[in-house]
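Sequential numbering of the sequence shown, starting at 14, is according to my numbering. For glycine and all other residues, C-beta sits at the position ideal for the given N, C-alpha and C. Since the structure is predicted, the reported quantities are computational estimates derived from the model, not experimental observations. A short worksheet on the structure shown next.
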Amino acid sequence: WRSRAGKNFSIVAVAEGAISKQEAKAIRAAEETKAKAKDKAAQKKAKSKLKELKSRHSGNTLRLANQLEELTGLEARVTILGHLQRGGAPSAADRLLATRLGTACADFIDQGLYGVMVAARGEGVEPVPIEEVVGRRKTVPLDHPWVKSARLIGANLGD
């Protein structure tokens, strides 16, 4: 119905670590079992079970994309932002920003606020209508320090 309404895009954001309530309950139970284990054999068994439960969640994002394609018949693309934006392990600041943005996103959904993206502004966050940003290009001036730094290290800027 979105395409009939002139909306030619949809955005679904998912955290790789997102799990169902049942899965979270199973993990908590396994953690409790591990903590209460008296001997090494029981600890090893509990640790193995906990590892198995946690490993089930790798690839959740790709599975969700495949399910979305099957259910909607529309193309689903996966972008791992950590890979796209910088690569490497996330810093504490990355984790805090992700938490702020993810929490705000969930709050907006809870408020029934759709068709927006979450924008970080200083220490706060705010909803920005997607229509205001889709198709707009924000360019970095050629004399910007980022461009100068990129040129100094030999990065290809397409020119």
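Rounded C-alpha distance that separates residue i from residue j
i: LEU66; j: ALA106; result: 28 angstroms
i: PRO142; j: ALA168; result: 33 angstroms
i: LEU165; j: ALA55; result: 57 angstroms
i: GLN35; j: PRO154; result: 50 angstroms
i: LEU84; j: THR74; result: 15 angstroms
i: TYR127; j: VAL146; result: 15 angstroms
i: GLU144; j: VAL129; result: 8 angstroms
i: HIS157; j: LYS151; result: 13 angstroms
i: GLY137; j: SER162; result: 29 angstroms
i: ASP52; j: ASP123; result: 45 angstroms
i: ARG41; j: LEU87; result: 36 angstroms
Three-state secondary structure (DSSP) of residue i
i: GLU144; result: helix
i: GLU88; result: coil
i: GLY19; result: coil
i: ARG150; result: coil
i: ALA168; result: coil
i: ARG108; result: helix
i: GLU139; result: strand
i: ARG69; result: coil
i: ALA132; result: strand
Any chain C beta carbon closer than 7 angstroms to residue i
i: LYS67; result: Absent here is chain C; the protein component of the structure consists of one chain.
Residue closest to residue i, alpha-carbon to alpha-carbon, out of the options
i: VAL38; options: LYS49, ALA119, LEU63, LYS58; result: According to the sequence provided, residue 38 is Lys. The question's Val does not apply to it. Closest option to LYS38, Cα to Cα, is LEU63.
i: ILE32; options: GLY86, THR116, HIS70; result: HIS70
i: CYS118; options: THR92, PRO103, PRO140, ARG17; result: PRO140
Close beta carbons around residue i, own chain, < 7 angstroms, minus the five adjacent residues each side
i: ALA43; result: ALA59, LYS62, LEU63, LEU66
Residues of its chain near residue i, where Cβ-Cβ distance is below 8 angstroms and the 5 sequence neighbours each way are ignored
i: TRP159; result: VAL153
Contacting residues, own chain, Cβ-Cβ under 6 angstroms from residue i (five flanking each side not counted)
i: ALA240; result: This structure leaves residue 240 out entirely; the chain is present only between 14 and 172.
Inter-stretch contact at 8 angstroms, needing at least 3 Cβ pairs: the stretch 133 to 142 / the stretch 109 to 123: yes
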